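Residue numbers (our numbering), protein chains in the order written: chain A, 1 to 417; chain B, 418 to 952.
Take a look at the structure below.
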Amino acid sequence: MKKLAPKTTPFHECLAALNETGIWKHWSGYLAAPRYQYSTTSEYYAIRNSVGVFDTSPLFKYRITGPDTVRFLQLVMARDISQCQVGSAQYTCWCDPDGFVLQDGVILRVGEEEFWLTAAEPSLHYFRATASQLAFSGVTIEDISADYGILAIQGPHAFNVVSQLTGAADELRYFEMAQTEIEGCLSLISRTGYTGDLGYELWIPTAQAHRIWQCLMKAGEDYNITPIGLDALKMARVEAGLLLLDVDFRSSRFAWVDEQRESPIELGWRWMFRKLAEDKREFIGREAIETQLTERTNRWVTVGLNIDWHDYKRVHMEAGIMPPKHELYCESTRNIYRRGSKEWTYAGYATSFLFSSLLKKPIAIAKLPNELAKPGTEVDLEIAVIRKPRNVLAQVQRMPFFNPPRKTQVPPGGTSP
Amino acid sequence: MKKDAAYDAVVIGGGHNGLVNAAYLAKSGLKTLILEQRPLIGGAAITEELVPGYKFTTFSYALSLLRPEIVQDLDLVSHGLLVLPMTNSFQPGLNGEYLLLGPDSDVNFHEISRHSVEDAESYRDLSHLIDRVCHALKPLVDEIPPNSMSQDPADLAEMAALNQYLEDLPADIRAMLEKFTTCSAAEILDDYLECDLLKAQIASSGIIGTKAGPRSKESGLIWLFHKLGEYDGVQGEWGFHKGGNGGFTQVLARAFESFGGTIRTNAGVDEVIYKNGKVTGVRLGDSTRIEAPIVVSALDPRRTFMQLVDPADLPSDLVQAIRDFKFQGTASKVNFALSDLPKFPGLNGHRNAFTGFTNIGPSFDYLEEAFADCLAGRYSRRPFLDCCVQSTVDPDMCPPGKHIMSCFVMYTPYHLAESDWDSERENLGDTVEATLEEFFPGFRKLVEHREVVTPLDIERVVGLSEGNIFAGEMFSPQMFLNRPAPGWNQYRTPIAGYYQCGSGTHPGGGVMGGPGRLAAKQILNDHSTATSPAR
């Protein structure tokens with residue numbers, strides 16, 4: 001019988017040698033390490049204090065080319081791609097005709113008529129079918145997922161490491177990209193990432209993956225370069241206020257009812273449409289999004305929650321236990337209630353919960369109705385203390401929770417804390 | 418005589434407790450001034466770039482005991498608090514054996530099993546019991562202790578409540594607490610474990626900074642004290658502040674200044690000025706007078722009661738208690754700039770062995786031998802070392818590829834029987850290097866720079882009497898109800914408006930901040946009572 005083995009990324013052998021725990025998870029059918037060492041916190045702090053490297057190769061990668069590409073993407077994507085210059089990147093999303101989000105992703109403008117896109121879920125057929133339905137003949141969409149591996153190099157020393165591999169990093173501003181040669185290998189570099197920190201992502205041709213990995217490790221050796229797993233990455237992304245598909249929202253494509261679907265406004269991406277008044281283009285979902293913007297018909301907003309440390313401590317101490325903090329990251333739903341004379345009046349829910357080691361307090365990503373979404377608003381978050389539900393005071397906060405100047409600083413510099 | 422603008426409160430000493438105390442006072446709205454004798458703030462929690470590019474944690478070198486409330490109350494994260502995890506604890510033995518404990522309890526189980534299968538299991542029981550004891554003690558650590566000498570009904574009620582609290586603790590916790598306060602670390606450990614390497618590693622927490630060996634009865638309490646800390650809720654775990662503990666005190670200074678506080682360096686205080694039993698201000702070394710109705714000493718009890726004020730103005734029982742208060746510093750520091758990581762021959766294939774503490778002290782006998790030298794009035798010929806290669810945790814401590822190693826050295830008695838520290842300083846450095854060479858062959862060749870800090874240097878530079886790192890020994894008779902003296906454990910002094918907030922007060926030493934915080938609480942209680950319109 002033929003064994004259906006999980007796929008491995010182009011860097012797998014290099015990373016497997018560094019995985020002290022021997023633990024692997026599946027991510028889009030690829031082996032991915034939740035962590036490489038026994039301390040997730042150490043990996044996490046590589047991102048915040050030195051430099052971490054994350055293998056983000058399991059993302060789906062598409063190349064979109066041809067004379068109709070800009071017009072096509074202007075129609076498919078919620079943000080106007082014409083605002084993204086050659087050599088820049090854009091974080092965007094694409095919606096269904098009702099304005100519900102199908103997916104989010106980062107798109108890179110490699111040339112006037114050439115874009116590269118990463119996505120968490122397969123989207124080749126969706127893009128091709130959409131192009132064909134809308135009669136765009138001058139656009140070609142290719143799946144280049146297997147052709148490249150992607151490494152995210154993130155942390156205050158990311159520039160010090162990457163700049164040893166390519167001079168292209170010197171000039172890059174936040175969300176810019178360039179094609180470059182790394183050790184004679186044609187690669188792509190972007191100043192992007194999923195950590196909210198200074199960082200770069202390198203697209204390396206699969207055949208060269210091992211060789212470039214070794215070069216990277218050598219360049220990073222003196223900066224304590226540390227491979228980081230999914231767990232540490234996810235902790236960092238909560239602090240950065242970056243949403244995760246199937247945790248903080250799900251694709252409209254596979255939802256059963258609208259209650260499971262969310263608009264970009266509901267996901268807290270109102271900022272994507274700041275210039276919508278001047279933006280005259282048609283795009284899929286525009287009408288619904290515009291209505292929500294003008295009539296405030298969005299059902300909820302995704303916000304940050306700052307959980308009161310003293311209250312969090314109190315409910316645990318009253319139960320006779322230490323408040324759990326260490327490496328505490330949860331993706332399960334927690335209910336949120338209105339504060340008032342009556343306890344347990346449902347208001348919304350939290351999707352991601354983290355005790356932030358950096359911020360020294362619990363934080364969460366939450367969905368709340370408009371009237372409770374203003375920063376500073378107090379709500380009750382339900383947590384289980386020895387299996388019993390307890391309410392803890394939380395305050396609505398604007399995301400990101402953590403946004404260091406070095407993320408966008410030019411030139412990037414080395415070590416600003 | 419020069420006279421400066423008046424303040425609501427003046428804090429003498431800009432160490433971590435002075436900073437914490439002053440920050441709480443400033444936050445509550447008091448116009449607060451910190452006076453620091455040195456050109457830099459931080460006391461014994463400083464980081465110095467002695468060689469360009471190399472940062473040395475001259476004195477204190479790690480964080481754990483810092484009260485989490487302080488981080489929250491003073492909003493330290495927004496001022497740059499960044500505590501990196503120290504995940505491993507490495508205990509090299511002689512003959513190539515070793516014990517390497519890390520963040521995963523199952524991996525630790527198997528690591529200890531290499532030495533003793535039963536210990537591997539008992540270690541878990543013991544760790545859990547200690548966690549529960551520490552948890553039970555937290556309310557006592559984080560509150561102003563009661564006054565055992567007072568006959569005031571409110572104080573008597575507080576003492577009764579304390580006794581009731583202790584009586585109500587589960588029997589096993591009470592029994593263990595009793596052991597910690599009366600037994601040596603060795604006695605307690607012998608009940609649970611058999612592996613020498615493991616026992617010595619644990620017992621090292623019981624001798625740090627103290628004139629006690631693992632078999633001295635004082636070591637139980639010192640061990641317990643060091644377990645009261647935490648890293649993100651994991652009890653007994655340690656962290657390293659970005660840039661060392663100097664980085665941490667800079668954070669405190671920024672927090673203090675953000676609340677409107679003023680720091681004055683190169684401003685040593687000669688005396689506290691008081692009239693009719695009430696404090697009125699301080700006089701600096703240059704004769705400048707600064708007036709304030711509240712003066713707080715963050716210095717040790719000897720300086721607070723015997724130098725800053727005239728002991729003749731104090732009750733004789735207090736003066737006697739302070740005279741009897743034991744300092745007798747026994748710790749030194751030797752810090753190294755290294756060209757590469759030290760290599761331990763037996764350590765095959767283990768990465769990250771140094772990202773935490775490395776303990777040189779493989780057995781009770783080794784530690785007791787080191788202690789015997791101390792009792793004989795000389796420094797240990799083969800010292801106990803608590804080392805940390807800090808650059809593996811924070812690469813910004815030195816240039817890329819290089820390393821910084823901090824070594825805490827025991828035992829080095831303040832009073833040497835047959836020599837003096839100015840003559841012995843470099844000899845001590847050599848002794849430490851020789852010991853490291855024994856465990857890490859080739860160590861000497863890695864040394865690019867060395868800094869030796871003796872108990873005398875600690876006293877001279879920081880001002881801690883006899884170089885005691887805890888501002889006085891943390892023996893039972895000098896703790897809790899008795900720190901620094903019975904009846905004077907609530908941060909007040911016999912002089913109204915004059916307070917104490919240093920490590921010589923409850924809960925004690927270490928970069929804890931507890932004394933600073935609790936003293937502020939007391940001061941603000943008194944202040945609000947004094948200024949409330951009802952009176």
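All C-beta atoms, glycine included, are put in the ideal place defined by N, C-alpha and C.
Keep in mind that this is a model prediction, so the values were computed, not measured.
{"Item": "Length of the line joining the Cα atoms of Glu-282(A) and Met-272(A)", "Value": "15 Å"}
{"Item": "Secondary structure of His-832(B), DSSP reduced to three states", "Value": "coil"}
{"Item": "Proximity winner among Val-86(A), Ala-129(A), Phe-100(A), relative to Glu-112(A) (alpha-carbon distances)", "Value": "Val-86(A)"}
{"Item": "Selection of the region 350-369 of chain A by Cβ proximity to chain B, strictly under 8 Å", "Value": "Phe-355, Ser-357, Leu-358, Leu-359, Lys-360, Lys-361"}
{"Item": "Stretch-stretch touch, CB-based, cutoff 8 Å, three pairs: the region 559-579 of chain B with the region 889-899 of chain B", "Value": "yes"}
{"Item": "Residue-chain proximity (His-310(A), chain B), Cβ-Cβ < 8 Å", "Value": "yes"}
{"Item": "Between the CA atoms of Leu-845(B) and Ala-834(B) - distance to the nearest angstrom", "Value": "15 Å"}
{"Item": "Alpha helix (DSSP H) segment containing His-316(A), residue limits", "Value": "309-318"}
{"Item": "Alpha-carbon to alpha-carbon, Glu-708(B) and Val-397(B)", "Value": "No statement about residue 397(B) is possible, as the shown extent of chain B runs from 418 to 952 and does not include it."}
{"Item": "Closer than 8 Å at the beta carbon, the chain D residues around Val-806(B)", "Value": "As a matter of chain content, chain D is missing from the structure shown, whose protein chains are A and B."}
{"Item": "8 Å Cβ cutoff, Pro-412(A) in contact with chain B", "Value": "no"}
{"Item": "Partners in chain A for Thr-464(B), counting only beta-carbon separations shorter than 7 Å", "Value": "Result: empty, since nearest Cβ-Cβ is about 13 Å, beyond 7 Å."}
{"Item": "Residue ranges of each beta strand (DSSP E) within the region 748-803 of chain B, 3 or longer", "Value": "748-755, 773-777"}
{"Item": "Closer than 8 Å to chain A by CB, Arg-952(B)", "Value": "Because Arg-952(B) sits at a pLDDT of 41, beneath the cut-off of 50, its placement in the model cannot be relied upon, and the following sentence gives the value as read from the coordinates. Judged by the 8 Å Cβ criterion, Arg-952(B) is not in contact with chain A."}
{"Item": "Cβ separation of Thr-775(B) and Phe-476(B), assumed to be a contact under 8 Å, to the nearest whole Å", "Value": "Rounded, the Cβ-Cβ distance is 19 Å, inconsistent with contact."}
{"Item": "Neighbour flag for Asn-769(B) against chain A, beta carbons, 8 Å", "Value": "yes"}
{"Item": "Ile-23(A) classed as buried or exposed, judged by whether at least 16 other C-beta atoms fall within 10 angstroms", "Value": "exposed"}
{"Item": "Per-residue DSSP class, three states only, for Val-257(A)", "Value": "coil"}
{"Item": "Beta-carbon proximity check, Trp-655(B) vs Ser-544(B), cutoff 8 Å", "Value": "no"}
{"Item": "Three-way DSSP call (helix, strand, coil) for Ser-190(A) in this model", "Value": "strand"}
{"Item": "Residues that Pro-520(B) contacts on chain A, provided the C-beta gap is smaller than 7 Å", "Value": "Tyr-38, Ser-39"}
{"Item": "Under 8 Å between C-beta atoms of His-944(B) and Leu-935(B)", "Value": "no"}
{"Item": "Identity of the residue in Ala-373(A), Ala-384(A), Gly-304(A), Leu-359(A) nearest Arg-296(A) by Cα", "Value": "Ala-373(A)"}
{"Item": "Local conformation of Gln-164(A) per DSSP, three classes", "Value": "coil"}
{"Item": "Heavy atom of the ligand SAM within 7 Å of Tyr-45(A) beta-carbon", "Value": "As presented, the structure is devoid of all ligands, the ligand SAM included, so that no description of it is given."}
{"Item": "Rounded separation between Phe-115(A) and Cys-93(A) - CA only", "Value": "15 Å"}
{"Item": "8 Å Cβ cutoff, Pro-405(A) in contact with chain B", "Value": "no"}
{"Item": "Neighbouring residues, chain A, relative to Asp-649(B) (Cβ below 9 Å)", "Value": "Thr-41, Lys-325, His-326, Glu-327, Leu-328, Phe-355, Ser-357, Lys-360"}
{"Item": "CB of Ile-561(B) within 8 Å of CB of Gln-907(B), strictly", "Value": "yes"}
{"Item": "Proximal chain A residues relative to Val-488(B), where beta-carbon distance stays under 8 Å", "Value": "Lys-360"}
{"Item": "Three-state secondary structure assigned by DSSP to His-326(A)", "Value": "coil"}
{"Item": "Min CB distance Met-322(A) to chain B below 8 Å", "Value": "yes"}
{"Item": "Cα-Cα separation between Thr-166(A) and Glu-183(A), rounded to whole angstroms", "Value": "8 Å"}
{"Item": "Span of the beta strand (DSSP E) around Glu-171(A)", "Value": "First-last for Glu-171(A): undefined, no H or E at that position."}
{"Item": "CB contact below 8 Å: His-433(B) versus chain A", "Value": "no"}
{"Item": "Residues of the region 526-558 of chain B whose Cβ lies closer than 7 Å to any Cβ of chain A, in chain order", "Value": "His-552"}
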